[in-house]
Amino acid sequence: MIEVQAEPQPFVFDPGHVALLCIDFQRDFLETGGFGESLGNDVARLRNAIAPTQAVLSAFRERGWTVIHTREGHRPDLTDLFPAKRDRGNPSLRIGEEGPMGRLLVRGSAGHEIVPELAPQPGEVVLDKPGKGSFYATDLETILRARGITSLVVAGVTTEVCVQSTVREANDRGFESLVLSDCTGSYFPEFHASALAMFAAQGGIVGWVGTSADLLDALEQSPVRTEKAE
Ligand code: C5J
16 MIEVQAEPQP FVFDPGHVAL LCIDFQRDFL ETGGFGESLG NDVARLRNAI
66 APTQAVLSAF RERGWTVIHT REGHRPDLTD LFPAKRDRGN PSLRIGEEGP
116 MGRLLVRGSA GHEIVPELAP QPGEVVLDKP GKGSFYATDL ETILRARGIT
166 SLVVAGVTTE VCVQSTVREA NDRGFESLVL SDCTGSYFPE FHASALAMFA
216 AQGGIVGWVG TSADLLDALE QSPVRTEKAE
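Each residue of the sequence shown is one higher than the one before, counting from 16 in my numbering.
Right, dumping it as structure tokens:
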């Protein structure tokens with residue numbers, strides 16, 4: 016077992032049953048000209064999460080542990096886009112409209128891709144989702160259960176939207192999540208802080224919150240390659 020310093024108490028996981036979940040590190044959220052900016056957000060705020068996530072990704076890849084990348088987006092014909100989502104706010108461009116990186120949040124557009132710094136490698140799971148939660152209308156739960164995964168290390172954007180929805184869904188399904196504070200990010204620093212506080216409050220009502228440094232310290236003290244448990 017590996018023990019990582021975290022709030023509200025150490026996060027203990029079996030290395031044969033863990034996955035890294037990288038949520039929505041897409042150009043549409045992290046680069047100028049994408050969906051995030053069309054909503055009036057400063058995308059630079061999310062980019063601090065890239066470097067620490069690269070370090071965690073490398074550690075998982077070295078050990079041969081499961082890595083799952085999610086992407087929020089829609090079918091090109093937008094048949095999976097509810098008006099309730101399409102019509103939110105007053106963006107300069109709506110989902111499906113043509114922006115500098117192609118159609119916003121549409122599968123196949125350049126903006127829908129994961130940023131090159133965190134690009135998936137062959138063999139890693141890439142999961143397309145139409146909603147905020149990664150379990151909603153996807154086969155994520157099936158993939159995790161088929162691999163015997165019980166613990167999730169969570170990175171991604173944005174902390175209070177897709178990360179928060181996903182870790183709540185994971186908790187309801189019996190998965191234990193360690194959310195890495197420096198590998199997540201929000202356009203609103205106060206929402207980032209309060210979402211992290213909510214996860215760990217009340218004895219970890221939703222999950223655990225830690226840092227990439229503490230996770231990497233704990234990993235360094237364990238063997239680099241761990242056989243997958245049956
Ligand atoms: C948003 C997300 N913010 N990935 N999506 O709409 O958090």
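Where is the CB? At the ideal position from N, CA and C, for every residue including glycine.
The structure presented is a predicted model; accordingly, all values stated were derived computationally and were not measured.
Exercise for the section: Report the residue from Val-178, Asp-102, Arg-86 and Leu-120 whose alpha carbon sits nearest the alpha carbon of Val-140. Expected result: The sequence position of residue 140 within the sequence shown is 125, counting from 1. Of the candidates Val-178, Asp-102, Arg-86 and Leu-120, the one whose C-alpha sits nearest the C-alpha of Val-140 is Arg-86.
Practice task
Using 6 Å as the cut-off, classify the Cβ of Val-176 as near or not near the heavy atoms of ligand 1, replying yes or no.
Solution key: Residue mapping note: residue 176 aligns to position 161 of the sequence shown, counting from 1. Remark: the shortest separation between the CB of Val-176 and any heavy atom of ligand 1 falls under 6 Å.
Practice task
Give the range of the beta strand (DSSP E) segment to which Lys-144 is assigned.
Solution key: As a position in the sequence shown, residue 144 is number 129, starting the count at 1. Membership of Lys-144 in the beta strand (DSSP E) is indicated by the continuous run 140 to 144.
Problem - Per DSSP, the bridge partner or partners of His-127 - result: Numbered from its first residue, the sequence shown carries residue 127 at position 112. His-127 is not bridged to any residue.
Practice task
Would you give the residue range spanned by the alpha helix (DSSP H) that Asp-77 belongs to?
Solution key: Here residue 77 refers to the residue found at position 62 when the sequence shown is read from its first residue. Note that residue 77 is Glu in the sequence shown here, rather than Asp. The continuous alpha helix (DSSP H) containing Glu-77 extends over residues 65 to 78.
Exercise for the section: Return the chain-ordered list of same chain residues with a C-beta closer than 8 Å to the C-beta of Gly-114, the five sequence neighbours on each side being excluded. Expected result: Here residue 114 refers to the residue found at position 99 of the sequence shown. Here the set comprises Gly-48, Gly-49, Phe-50, Ser-53, Leu-108 and Gly-126.
Problem - Alpha-carbon spacing of Pro-145 relative to Asp-229, whole angstroms - result: Residue numbering aside, residue 145 sits at position 130 when the sequence shown is read from its first letter. Residue numbering aside, residue 229 sits at position 214 when the sequence shown is read from its first letter. One C-alpha to the other measures close to 33 Å.
Handout entry: C-beta atoms of Ala-210 and Glu-175 nearer than 7 Å
Key = Position 195 of the sequence shown, counted from the start, is the residue given in the question as residue 210. Position 160 of the sequence shown, counted from the start, is the residue given in the question as residue 175. For Ala-210 and Glu-175, yes; Cβs fall inside 7 Å.
Exercise for the section: List the endpoints of the continuous alpha helix (DSSP H) containing Ile-158. Expected result: Numbered from 1 along the sequence shown, position 143 holds the residue referred to as residue 158. Here the alpha helix (DSSP H) through Ile-158 covers 155 to 161.
Practice task
With DSSP collapsed to three states, give me the class of Phe-28.
Solution key: Position 13 of the sequence shown, counted from the start, is the residue given in the question as residue 28. DSSP, reduced to helix, strand and coil, places Phe-28 within a strand of the structure shown.
Exercise for the section: Counting only the same chain and skipping the five closest in sequence on each side, list residues whose C-beta sits under 6 Å from that of Glu-128. Expected result: The count along the sequence shown starts at 1 and reaches residue 128 at position 113. Leaving aside the five residues that flank Glu-128 on each side, the residues in its chain whose CB is nearer than 6 Å to its CB run, in chain order, Arg-42.
Handout entry: Where Ser-149 falls, given that 16 or more other Cβ within 10 Å makes a residue buried
Key = Translated into positions along the sequence shown, residue 149 becomes position 134. Residue burial is scored here from C-beta neighbours: Ser-149 has at least 16 other C-beta atoms within 10 angstroms and is therefore classed as buried.
Practice task
Compare the C-alpha of Leu-96 against each of Glu-18, Leu-36, Gln-236 and Ile-110 and name the closest.
Solution key: Position 81 of the sequence shown, counted from the first residue, corresponds to residue 96. Answer by Cα proximity: Ile-110.
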